[in-house]
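Sequential numbering of the sequence shown, starting at 82, is according to our numbering.
All C-beta atoms, glycine included, are put in the ideal place defined by N, C-alpha and C.
Every value quoted in this text rests on a predicted model; they were computed, and no experiment measured them.
Right, one structure below, let's go through it.
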Amino acid sequence: MWKSVAAIARRECKAAQAENGRLKNELHMYAQASEKLQAQLIHANARQQHWMDGTFAFVNAIRVGMIMSRHLQLENTRIFDSLESKVNERFHEVDTIVREAVRPLQQGATEHVQICRGHDLDAAAAVEFKHARLLPFERDSTASTLWEIIALGGLLTDHEVHVASRSSDTVRMASRFTVPLDRAHSSLVSVDVHAVAKRFPSAIGMVVMMESRSEWSIHYSSAPTWKQTTEETGWVVVNEYPLQVYGDSQRACQLRTAMKLRPNTSDGDGSNTCSGITGCVGDIVIPSFREILSSHHQSVENFLLNSSKTTT
82 MWKSVAAIAR RECKAAQAEN GRLKNELHMY AQASEKLQAQ LIHANARQQH WMDGTFAFVN
142 AIRVGMIMSR HLQLENTRIF DSLESKVNER FHEVDTIVRE AVRPLQQGAT EHVQICRGHD
202 LDAAAAVEFK HARLLPFERD STASTLWEII ALGGLLTDHE VHVASRSSDT VRMASRFTVP
262 LDRAHSSLVS VDVHAVAKRF PSAIGMVVMM ESRSEWSIHY SSAPTWKQTT EETGWVVVNE
322 YPLQVYGDSQ RACQLRTAMK LRPNTSDGDG SNTCSGITGC VGDIVIPSFR EILSSHHQSV
382 ENFLLNSSKT TT
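Right under this line is the structure:
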């Protein structure tokens, strides 16, 4: 009897050992599968984060264009009609702009600011801001993306904007920017901008002309509010650039922008305003305008670079 009990116990022990072995093998297989799934999940999350980083600016641009638009309205059609007429009158400048834009860059990026005066010596002097950037992208896709960004009112998320498309080639924009004048933000300069941008056909690529009118208000913590109106005229060009890398031809393009800012002397109220480019205009308006332009340039270039990483 004891022998039969021992035999049964041995059989049960062997069966338990076999079952334990089978369970260990299954556990090992499940552990390996879990590690593979975890690795795939990490890889997928990384790809998703990379995609989100590349499209974050574009999503913010849509949010600005759709949500923030209720703060500013395109009510003053007279201003926009006047700006659009000025843009149309500059059509004859396209060839001159193209000749300047196609000049090859000597380095990857340049920025130039200068004071200039036109043929009318009685007119107020203007400050011209020029920016040029060599981009490692194909011309047509870059131009198309840039126009879409313009049609959205830009990529900056810290300003208010309302955009209306007059046609597939004409955009009207009303926007508001605020720039702190000190670290404590006790003094601020705010600017309300009405602008029109129009795209013109060109054999070299895309030419966009712009006209705008800006109303500046400088708010000091212990002084009256200072106001100034300025007018801006400018252009954007994207054209192809032949690039040689280790003897091989690579597709690239040039992005060039030019903007002239001129104080408006025709409609000041006579108090707390300036008519030249000295004083508050030179000390506050010009640096603030340059900062806004630089932010626009940087946001566009970052978006283009991030988008290229997403598609590779």
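{"query": "Short check: CB of PRO344 to CB of GLN379, under 8 Å?", "result": "no"}
{"query": "Which runs of the alpha helix (DSSP H) fall wholly inside the segment 185-258 and span at least 4 residues, in chain order?", "result": "220-232"}
{"query": "From GLU165 to ALA245, what distance separates their C-alpha atoms?", "result": "13 Å"}
{"query": "DSSP puts HIS300 in a beta bridge; with which residues?", "result": "LEU269"}
{"query": "Could you have a look at ALA339 and say whether DSSP puts it in helix, strand or coil?", "result": "strand"}
{"query": "Taking only three categories from DSSP, how would you classify THR158?", "result": "helix"}
{"query": "Using a threshold of 8 Å, state whether the C-beta atoms of LEU216 and LEU186 are closer than that.", "result": "no"}
{"query": "Helix, strand or coil for VAL96, going by three-state DSSP, please let me know.", "result": "The sequence shown places Ala at residue 96, rather than the Val named in the question. Looking at ALA96 - three-state DSSP - the assignment turns out to be helix."}
{"query": "Are ARG253 and PHE172 touching if we call contact CB-CB under 8 Å?", "result": "no"}
{"query": "Assign ALA339 to buried or exposed, taking buried as 16 or more other Cβ atoms, counted over all protein chains shown, within 10 Å of its Cβ.", "result": "buried"}
{"query": "When the Cβ atoms of the segment 292-302 are set against those of the segment 266-280, are three or more pairs found closer than 8 Å?", "result": "yes"}
{"query": "According to DSSP, is THR311 part of a helix, a strand, or is it coil?", "result": "strand"}
{"query": "Comparing alpha-carbon positions, which option in ALA206, ARG332, PHE384 and VAL289 lies nearest GLY315?", "result": "VAL289"}
{"query": "With a cut-off of 8 Å on the beta carbons, I'd call ALA224 and MET287 a contact; round off their distance for me.", "result": "4 Å"}
{"query": "Please classify ALA333: does DSSP put it in a helix, a strand, or coil?", "result": "strand"}
{"query": "Compute the distance between the beta-carbons of LEU196 and VAL270, then report whether it is under 8 Å.", "result": "Contrary to the premise, residue 196 reads as Ile rather than Leu in this sequence. Result no, Cβ atoms of ILE196 and VAL270 do not sit closer than 8 Å."}
{"query": "Can you give the beta carbon distance from PHE281 to VAL175, rounded, assuming they're within the 8 Å contact cut?", "result": "6 Å"}
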